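Enquirer: Structure below; questions to follow.
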Amino acid sequence: MNDTSIQWVYSFGAAGTDGDSTMRNLLGGKGANLAEMSGIGLPVPPGFTITTEVCTHYYDNGHSYPDALASQVSDAVARIEAETGAGFADPENPLLVSVRSGARASMPGMMDTVLNLGLNDATVAGLAKQAEDKRFAYDSYRRFIQMYGDVVMEVDHGLFEDALEELKLRCGVFDDTGLTGDDLETLVDTYKQIVLEESGEVFPQDPHDQLWGAVGAVFSSWMNA
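Each residue of the sequence shown is one higher than the one before, counting from 4 in my numbering.
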């Protein structure tokens, strides 16, 4: 199953699409539908699907990936970069992606979606500059840390919520919208400290590490579904 001729990753987007709606067993319901919509010309943001066969390989081979998977994922990311003009880990024009689990049919217990993967201490500044809105950028970053910490690193979601409520109390505001960009930058530091204390690991700053962590979490969630 480590044959480099096997296609483990199927891309979709304006630059070209692999697969269609008939491939639900291989691409999962979401992946097959995205391929179909992209293939008929609907405006689908570029992306890629890792096949269900990778998950089978993962569990049949001691939680290891096929030899060719890393290069195929790298090629698929490069394809998204070329189509969007943004770059993974580019501090000036960062590429942000979402990671979603999928199966042939809906399966309760599978991994929740992780949004804004690619944000880190450098790219958040690029997002703030692009959006001309520091508050938006740091709110996106703290939400990403919270989602990733909960879903991928198994940190109790409630700890992040408690930290948010404590910050609002200190700042004298009742709603999240009352927090400033500087307040949310402070909250980001608090969230990263929570991740370190609860998981024993530093929150990953390399977007590629973030991506592979999320991929592993998807496969782990299959066994809990």
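Where a beta carbon is used, it is the ideal one built from N, C-alpha and C, also for glycine.
Computed from a prediction, not measured in an experiment: that's the story for all the values here.
#1: Tell me which residues share the same chain as L190 and place their Cβ nearer than 6 Å to its Cβ, disregarding the 5 neighbours each side in the sequence.
#2: Under a three-way DSSP split, which group does P69 fall into?
#3: Less than 6 Å between C-beta atoms, sequence neighbours within five positions excluded: which residues of the same chain meet that for L118?
#4: Confirm, please, whether the CB-CB distance from A85 to N2 is below 8 Å.
#5: Whole-angstrom Cβ separation of L30 and T59, contact assumed at under 8 Å?
#6: Between the alpha carbons of G175 and Q149, how many angstroms are there, rounded?
#7: Let me check understanding here. Comparing Cα to Cα, which of A166, P210, G184 and V158 lies closest to V198?
#8: Express the C-alpha separation of G121 and N5 in angstroms, rounding to a whole number.
#9: Output the distance between the C-alpha atoms of L130 and S143, rounded to the nearest integer angstrom.
#10: Look at E70 and T25 and say whether their C-beta atoms are less than 8 Å apart.
#11: Whole angstroms is fine: what's the gap from Y141's alpha carbon to A125's?
#12: Hey, would you say E39 sits closer than 8 Å to W11, going by beta carbons?
#13: Give me the residue from W225, H66, D186 and K195 with the minimum Cα distance to D153.
#14: Between the alpha carbons of Y62 and L72, how many angstroms are there, rounded?
#15: When you compare the CB positions of T138 and L99, do they come within less than 8 Å of one another, or not?
#16: What do you reckon, are the CB atoms on P46 and R82 nearer than 8 Å?
#17: Report all residues from its chain with a CB closer than 6 Å to the CB of T20; omit the five preceding and five following residues, and keep chain order.
Expert: In this structure, then:
#1: R145 and L170
#2: coil
#3: S101
#4: No information on residue 2 is available, as it lies outside the stretch 4 to 228 that the chain covers here.
#5: 14 Å between Cβ atoms; not a contact.
#6: 22 Å
#7: V158
#8: Annotation note: pLDDT 47 at N5 (below 50); position unreliable, coordinate value reported separately. Whole-angstrom Cα-Cα distance: 28 Å.
#9: 9 Å
#10: Checking the displayed sequence, the identity of residue 70 turns out to be Asp instead of Glu. No, they are not a contact pair.
#11: 11 Å
#12: no
#13: K195
#14: 15 Å
#15: First, the amino acid is wrong: residue 138 is Arg here, not Thr. Contact: no.
#16: no
#17: A38, S41 and G42
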